[in-house]
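In this text, residue positions in the sequence shown follow my numbering: the first is 17, and each later residue adds one.
All C-beta atoms, glycine included, are put in the ideal place defined by N, C-alpha and C.
Please read the structure below before turning to the comments.
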Amino acid sequence: MHTIDVIVPCYNESELVHVFYRETTKITNKIKNYSFRFLFIDDGSKDDTLQQLIKLASEHSDAKYISFSRNFGKEAGMYAGLKYSNADYVIIMDADLQHPPELIPKMVEGIEEGYDCVAARRTDRKGEARIRSFFSRQFYKIINKMTDKIELVQGAVDYRIMSRQMVDAVLSLSESQRFSKGIFEWVGFHKKWLPYENVERTIGTTKWSFKSLFKYAIDGITAFSVAPLRMVTGFGFFISLIAFIYIIVTLVQTLIFGIAVPGYVTTLSAVLFLGGIIEFSIGVVGEYLGHIYIETKNRPLFITRLTNINDELSDEKSERIESYGKL
Ligand code: UDP
Ligand code: MG
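Take a look at the structure:
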């Protein structure tokens, strides 16, 4: 009998915990020859997600939780799930049922066909703001142009099943600023895509703001490509070339026609333009420097406050936690 761990990052999803478990187990219970276990990652939720998880775990022995000491982000949640998992296969899934559980049997089929990974891909962006879709498309275009090792697929989501071998490969990339979309591609392996229609979130709200998406895009690009740095070099070279030509032209003009009328506008525009380019370039270099800085600190990606995996939880501690939740 093969084991499958379903990793579910949860941040403020208290209304969804039980619904998710009910809907998903309806599907997984029908799959023979595999035993499922659910690893919920409570990513420092501010509502009572943790209490709901503790309750769920007391009712169902296949429900496990890992609760973080604060919010570390979905990337850290997924990483923790993969770290804690010891199953033959791992499924990563959102708690909000936007990742249809109906795909799980097809994922298992894909694994049986010999694939290392079966990943879901949205075929549309129904219910999403147009401007967001637009920027998202541009992001894929840019990142795919800038990277040569990876090819990100439009609409690919984190919802996927992976073999133990692939999970170990994903974990071997131990960078603390994780961009999983890129990491899943970078490690390679044989992958099958499962297209599905976008499902709108019915309960709770999305945790993404436009600002956080923008930051995510920048982090994704800097994590997998040094093209922006090369672009800065290119800029510098190009501007020097123009300046050189300009100097020659002015020199020749001066020699032939004498001193020209002082070009106030030309000087000012050149200074401002160059100032802008220099600031921009320092910014680009700074982005990378920032990443190096954080990476060298080598801090843990997440801190666990409480978990029932391996049933380490003593009675005393669980009592304390239950009262904590009621505060
Ligand atoms: N999530 C998380 N930590 C965070 C933000 C989100 O674990 O800091 C979880 C969230 O609970 C959900 C999943 O990541 O299960 C996807 O989040 P969301 O639905 O907000 O993203 P969207 O579907 O809009 O891309
Ligand atoms: Mg969602």
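By the C-beta criterion, the region 91-103 is judged not to be in contact with the region 118-137, since fewer than 3 inter-stretch pairs fall below 8 Å.
Between the beta-carbon of R180 and that of D104 there is about 5 Å, and that keeps the pair under the 8 Å contact cut. Within the region 159-229, the complete alpha helix (DSSP H) segments of 4 residues or longer fall at 180-188, 196-202, listed in chain order. Ligand 2 never approaches T218 closely enough for any of its heavy atoms to be under 7 Å from the residue's Cβ. The residue among I159, L245, Y27 with its C-alpha nearest the C-alpha of T65 is Y27. Per DSSP, reduced to three states, the secondary structure at S51 is strand.
Your pair Y131 and K208 checks out as a contact, with CB atoms roughly 5 Å apart and the cut at 8 Å. Counting the other CB atoms within 10 Å of its CB gives R153 a total below 16, which places it among the exposed residues. In this structure, the alpha-carbon of Y304 lies about 7 Å from that of T238.
Contact annotation, S83 with T163: C-beta distance approximately 35 Å; criterion of less than 8 Å not satisfied. The residue from F200, D21, E31 with its alpha-carbon nearest to that of G220 is E31. With fewer than 16 other Cβ atoms from the protein chains shown falling within 10 Å of its own Cβ, M17 counts as exposed.
Residue environment: S285 is assigned as exposed (fewer than 16 neighbouring CB atoms within 10 Å of its CB, all protein chains considered).
Annotation for P25 indicates a beta carbon within 7 Å of some heavy atom of ligand 1.
Around the beta carbon of E29, 16 or more other beta carbons sit within 10 angstroms, so the residue counts as buried. In the structure shown, K62 falls within a coil segment according to DSSP collapsed to helix, strand and coil. Look at the region 85-123 and you find these whole runs of beta strand (DSSP E), each 3 residues long or longer: 105-108. Here the alpha carbon of H115 sits roughly 43 Å from the alpha carbon of F251. Going by DSSP, A145 is part of no beta strand (DSSP E) at all; its letter is neither H nor E. Beta-bridge annotation (DSSP): S83 is paired with D58, L322. The alpha-carbon separation between G198 and M109 amounts to approximately 17 Å.
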